[in-house]
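Participant:
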Amino acid sequence: MDTTTARKRPLVAHPLTPANHEIVKRRVRALEYSTNVDAGSWPSWRPPSKFYDKVTNGVGSLYGEISTASSAHFSNPHSNSKKKIVMVTGSTGNNRMLGMPHIKEMVYENRMTYAEKHGLEFMWANMTSYNLLDGAPIYWNKIPIMQDAFARFPDADWVWWMDIDIIIMNLSLSIHDHVLSPEGMARNILLNHSMTGAGGGETGYRSPSTYEHDDINFVISMDHWGMNVGNFLMRRSEWSDWLLDLWIEPLYISQNWVFPENDGWTHMWQYHEIVRNHTACMNQQSMNTYPDYNILGQHWQPGDHIVHFAGCGGDVICESAWAKYWNLREEVEVSSSVKRKLEDGTAEIEKFQGNVRL
Numbered sequence: 000m001d002t003t004t005a006r007k008r009p010l011v012a013h014p015l016t017p018a019n020h021e022i023v024k025r026r027v028r029a030l031e032y033s034t035n036v037d038a039g040s041w042p043s044w045r046p047p048s049k050f051y052d053k054v055t056n057g058v059g060s061l062y063g064e065i066s067t068a069s070s071a072h073f074s075n076p077h078s079n080s081k082k083k084i085v086m087v088t089g090s091t092g093n094n095r096m097l098g099m100p101h102i103k104e105m106v107y108e109n110r111m112t113y114a115e116k117h118g119l120e121f122m123w124a125n126m127t128s129y130n131l132l133d134g135a136p137i138y139w140n141k142i143p144i145m146q147d148a149f150a151r152f153p154d155a156d157w158v159w160w161m162d163i164d165i166i167i168m169n170l171s172l173s174i175h176d177h178v179l180s181p182e183g184m185a186r187n188i189l190l191n192h193s194m195t196g197a198g199g200g201e202t203g204y205r206s207p208s209t210y211e212h213d214d215i216n217f218v219i220s221m222d223h224w225g226m227n228v229g230n231f232l233m234r235r236s237e238w239s240d241w242l243l244d245l246w247i248e249p250l251y252i253s254q255n256w257v258f259p260e261n262d263g264w265t266h267m268w269q270y271h272e273i274v275r276n277h278t279a280c281m282n283q284q285s286m287n288t289y290p291d292y293n294i295l296g297q298h299w300q301p302g303d304h305i306v307h308f309a310g311c312g313g314d315v316i317c318e319s320a321w322a323k324y325w326n327l328r329e330e331v332e333v334s335s336s337v338k339r340k341l342e343d344g345t346a347e348i349e350k351f352q353g354n355v356r357l
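All residue numbers for the sequence shown refer to numbering that gives the first Met the number 0, where the first residue is 0 and numbers rise by one.
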């Protein structure tokens with residue numbers, strides 16, 4: 000697939016007024032600061048983002064293509080309607096959770112049943128095939144997988160990442176209606192909310208006190224230890240292209256962070272206003288509840304969307320807890336096609352391969 004063509008999106012022309020010119024210059028300075036590189040010194044193992052190219056090629060051409068409002072050039076003017084969503088997960092075969100019998104088959108049944116019910120696409124990637132940087136923790140590979148998902152599904156408006164250690168409990172609850180629609184977002188977003196850090200405690204940062212629904216490009220929940228990138232959604236936008244490029248900055252990957260890609264995300268959110276202003280921090284109950292043994296956040300209650308076994312190491316406690324919540328999930332008829340694929344071994348588990356250095 001020609002990924003250059005696949006990732007193009009329609010842009011709206013606007014006049015370049017003096018006021019708008021100043022806005023663009025400020026955006027350029029912010030982006031240059033946030034990437035800490037220029038196009039000429041971009042790491043050789045991956046190309047510069049198209050968004051960065053547009054910025055460095057001149058403010059006049061930039062504002063001939065994208066909106067001039069302070070944040071509207073990252074927005075979607077038709078976001079009130081339901082959008083195409085791709086659900087994405089990844090696994091390696093060495094994942095500690097995979098020591099549990101038949102967990103891959105259970106996850107496949109759960110995700111595919113939900114996808115079929117709500118008209119979503121589903122992509123299960125082999126994480127080891129996305130060679131990011133030699134020696135980089137495997138967790139970082141979810142970022143190039145997200146980039147790949149946007150390229151493979153050019154009609155997708157949103158890409159929804161879910162770690163493998165998640166059970167969708169309420170299969171009747173539409174992710175669009177629940178958190179992406181204007182009503183769902185208004186119901187669950189945390190405004191002017193104190194950001195906690197790893198290990199608990201205040202960080203001194205707060206979520207924005209106001210938001211515009213059409214400016215939101217990243218949806219994630221917050222628990223007692225901050226935000227958790229085990230379950231999040233990204234809107235197709237040039238902001239998202241830029242953010243995914245920044246997220247796998249080699250300087251970030253080289254850090255000795257406890258929760259590698261999660262700490263990378265937290266760093267970007269804390270230190271870059273342009274990230275905070277396009278992120279919706281949702282209450283944990285809406286999209287990332289925990290099993291009852293996990294003291295780091297809200298526990299699953301009947302009717303909640305998912306339960307996330309974050310940090311579970313595949314021991315006896317994890318296995319028994321998984322079985323408990325699996326039996327508590329909403330009963331929905333599994334289609335004959337999903338059953339057949341599980342029976343004959345053709346289920347698309349770890350089907351999608353990277354095989355290239357991005």
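Even for Gly, the Cβ is constructed at its ideal location relative to N, Cα and C.
Do you know how far the Cα of Glu182 is from the Cα of Ser78?
Facilitator: Counting from 1 along the sequence shown, the entry for residue 78 is found at position 79. Counting from 1 along the sequence shown, the entry for residue 182 is found at position 183. Because the pLDDT of Ser78 is 44, which lies under 50, any placement of that residue in the model is unreliable, and the number read from its coordinates should be weighed accordingly. About 12 Å.
Participant: Just to confirm, is the Cβ distance from Ala279 to Tyr204 under 8 Å?
Facilitator: On the sequence shown, residue 279 is found 280 positions in, with the first residue counted as 1. On the sequence shown, residue 204 is found 205 positions in, with the first residue counted as 1. Not a contact, by the Cβ cut-off of 8 Å.
Participant: Report the residue from Leu189, Glu272, Leu242 and Lys83 whose alpha carbon sits nearest the alpha carbon of Met145.
Facilitator: Working through the sequence shown from its first residue, we reach residue 145 at position 146. Nearest option by C-alpha distance: Leu242.
Participant: Would you call Val257 buried or exposed, if buried means 16 or more other Cβ atoms sit within 10 Å of its Cβ?
Facilitator: Working through the sequence shown from its first residue, we reach residue 257 at position 258. It is exposed - the Cβ of Val257 has fewer than 16 other Cβ atoms within 10 Å.
Participant: Entirely within the segment 204–274 and at least 4 residues each: give me those alpha helix (DSSP H) ranges in chain order.
Facilitator: Listed in chain order, the complete alpha helix (DSSP H) runs (minimum 4 residues) inside the segment 204–274 are 237–246, 249–252 and 259–270.
Participant: Does Arg159 come out as helix, strand or coil in the three-state DSSP assignment?
Facilitator: To locate residue 159, count along the sequence shown from 1; it is residue 160. Note on residue identity: the sequence assigns Trp, not Arg, to residue 159. Correct three-state label for Trp159: strand.
Participant: Is Trp139 helix, strand or coil by DSSP?
Facilitator: Within the sequence shown, residue 139 is the residue found at index 140, counting from 1. Three-state DSSP puts Trp139 in a helix.
Participant: I think Pro259 touches Leu132, with their Cβ atoms under 8 Å apart; what is that distance to the nearest whole Å?
Facilitator: As a working note, residue 259 is residue 260 in the sequence shown. As a working note, residue 132 is residue 133 in the sequence shown. With 8 Å as the limit, Pro259 and Leu132 do not qualify as a contact, their Cβ atoms being about 12 Å apart.
Participant: Nearest-angstrom Cα distance between Asp262 and Thr127?
Facilitator: Counting from one through the sequence shown, the residue named residue 262 turns up at place 263. Counting from one through the sequence shown, the residue named residue 127 turns up at place 128. The alpha-carbon atoms of Asp262 and Thr127 are separated by roughly 21 Å.
Participant: In angstroms, rounded to a whole number, what distance separates the CA positions of Val218 and Ile316?
Facilitator: On the sequence shown, position 219 is the one that residue 218 refers to. On the sequence shown, position 317 is the one that residue 316 refers to. In a straight line, the C-alpha of Val218 is about 30 Å away from that of Ile316.
Participant: Check Cys311 in the structure and name its three-state DSSP category.
Facilitator: The residue labelled residue 311 in the question sits at position 312 within the sequence shown. Three-state DSSP puts Cys311 in coil, outside helix and strand.
Participant: Measure how close the beta-carbons of Trp129 and Gly353 come, nearest whole angstrom, since I'm counting them as under 8 Å.
Facilitator: Translated into the one-based positions of the sequence shown, residue 129 becomes position 130. Translated into the one-based positions of the sequence shown, residue 353 becomes position 354. One point to set straight first is that residue 129 is Tyr, not Trp, in the sequence displayed. With 8 Å as the limit, Tyr129 and Gly353 qualify as a contact, their Cβ atoms being about 3 Å apart.
Participant: Who are the Cβ neighbours of Ser239 in its own chain at under 6 Å, not counting the five residues just before and after it?
Facilitator: Sequence index remark: in the sequence shown, residue 239 carries index 240 (1-based). These residues qualify, in order along the chain: Asn216 and Met233.
Participant: Grouping DSSP H, G and I as helix and E and B as strand, with all else coil, what is Trp123?
Facilitator: In the sequence shown, residue 123 corresponds to position 124, counting from 1. Of the three classes helix, strand and coil, the one that applies to Trp123 here is strand, per DSSP.
Participant: Need the endpoints of the alpha helix (DSSP H) that Ile102 sits in, please.
Facilitator: To locate residue 102, count along the sequence shown from 1; it is residue 103. Its alpha helix (DSSP H) spans residues Ile102 to His117.
Participant: Cβ atoms of Met111 and Tyr324: under 8 Å apart, would you say?
Facilitator: Translated into positions along the sequence shown, residue 324 becomes position 325. Translated into positions along the sequence shown, residue 111 becomes position 112. No.
Participant: Report all residues from its chain with a CB closer than 6 Å to the CB of Phe50; omit the five preceding and five following residues, and keep chain order.
Facilitator: In the sequence shown, residue 50 corresponds to position 51, counting from 1. Low confidence applies here, because Phe50 scores a pLDDT of 40, under 50, leaving its location unreliable and the question unanswered by this model.
Participant: Taking the C-alpha atoms as reference points, what is the distance between Ile188 and Lys340?
Facilitator: Taking the sequence shown and counting its residues from 1, one reaches residue 188 at position 189. Taking the sequence shown and counting its residues from 1, one reaches residue 340 at position 341. Using only the alpha carbons, I get a separation of about 38 Å.
Participant: If I measure Cβ to Cβ from Val333 and keep anything under 7 Å in the same chain, skipping five residues before and after, which residues do I get?
Facilitator: As a working mapping, residue 333 is identified with position 334 in the sequence shown. Once the five neighbours on either side are set aside, the close Cβ partners of Val333 are Glu108 and Thr112.
Participant: Which of helix, strand or coil does DSSP assign to Met168?
Facilitator: To locate residue 168, count along the sequence shown from 1; it is residue 169. Coil at Met168, not helix or strand.
Participant: Answer with yes or no whether the minimum CB distance from Trp325 to chain C is below 8 Å.
Facilitator: Absence of chain C from the displayed structure is noted, only one protein chain being present.
Participant: Whose C-beta lies closer than 8 Å to the C-beta of Trp224 among residues of the same chain, with five residues either side of it excluded?
Facilitator: Within the sequence shown, numbered from 1, the residue matching residue 224 stands at position 225. Cβ neighbours of Trp224 beyond the five flanking positions: Thr195, Gly196, Ala197, Gly198, Gly199, Leu295 and Gly296.
Participant: Look up Met286 in the DSSP assignment and give the residues it is bridged to.
Facilitator: The residue labelled residue 286 in the question sits at position 287 within the sequence shown. Answer by DSSP bridge pairing: none, since Met286 is not bridged.
Participant: What are the partner residues of Glu201, as DSSP defines its beta bridges?
Facilitator: Position 202 of the sequence shown, counted from the start, is the residue given in the question as residue 201. Thr195.
Participant: Specify, as a first and last residue, the run of the beta strand (DSSP E) that Ser90 falls within.
Facilitator: Locating residue 90 in the sequence shown gives position 91, counting from the first residue. First-last of the beta strand (DSSP E) with Ser90: Ile84 to Ser90.
Participant: Quick check on Met145: does DSSP put it in helix, strand or coil?
Facilitator: Position 146 of the sequence shown holds residue 145. In the structure shown, Met145 sits in a helix (DSSP, three-state: H, G or I).
Participant: Output yes or no for whether 8 Å exceeds the beta carbon distance between Ile348 and Trp123.
Facilitator: As a position in the sequence shown, residue 348 is number 349, starting the count at 1. As a position in the sequence shown, residue 123 is number 124, starting the count at 1. Contact: yes.
Participant: Looking only at DSSP bridge pairs, what is Thr278 linked to?
Facilitator: Your numbering for residue 278 matches position 279 in the sequence shown. Thr278 pairs with Phe217.
Participant: Using beta-carbon positions only, say whether Ala114 and Arg235 come within less than 8 Å of one another.
Facilitator: Locating residue 114 in the sequence shown gives position 115, where the first residue counts as 1. Locating residue 235 in the sequence shown gives position 236, where the first residue counts as 1. Their beta carbons are not under 8 Å apart, which means Ala114 does not touch Arg235 by this criterion.
Participant: In whole angstroms, give me the CA-to-CA distance for Ile166 and Asn255.
Facilitator: What you label residue 166 is simply residue 167 of the sequence shown in a count that begins at 1. What you label residue 255 is simply residue 256 of the sequence shown in a count that begins at 1. Their Cα atoms are separated by approximately 30 Å.
Participant: Cα separation between Asp164 and Trp246?
Facilitator: The sequence position of residue 164 within the sequence shown is 165, counting from 1. The sequence position of residue 246 within the sequence shown is 247, counting from 1. Those two C-alpha atoms are separated by around 22 Å.
Participant: I think Ile84 touches His175, with their Cβ atoms under 8 Å apart; what is that distance to the nearest whole Å?
Facilitator: Translated into the one-based positions of the sequence shown, residue 84 becomes position 85. Translated into the one-based positions of the sequence shown, residue 175 becomes position 176. Right, the Cβ-Cβ distance comes to about 7 Å (below 8 Å), so this counts as a contact.
Participant: For Val11, is the classification buried or exposed, using 16 other Cβ atoms within 10 angstroms of its Cβ as the cut-off for buried?
Facilitator: Working through the sequence shown from its first residue, we reach residue 11 at position 12. Caution applies to Val11, whose pLDDT of 29 falls short of 50 and renders its modelled position unreliable; the value that the coordinates give is listed next. Exposed, since its Cβ has fewer than 16 Cβ neighbours within 10 Å.
Participant: What residues are listed by DSSP as bridge partners for His298?
Facilitator: For the purposes of this step, residue 298 is taken as the residue at position 299 of the sequence shown. In the DSSP output, where bridge partners are listed per residue, His298 has Tyr289.
Participant: Cα-Cα, which of Pro301, Asn293 and Leu327 is closest to Cys311?
Facilitator: The sequence position of residue 311 within the sequence shown is 312, counting from 1. Of Pro301, Asn293 and Leu327, the residue nearest in Cα terms is Asn293.
Participant: How long is the line joining the alpha carbons of Asn191 and Asn276, rounded to whole angstroms?
Facilitator: Position 192 of the sequence shown, counted from the first residue, corresponds to residue 191. Position 277 of the sequence shown, counted from the first residue, corresponds to residue 276. Looking at the two C-alpha atoms, the distance is approximately 12 Å.
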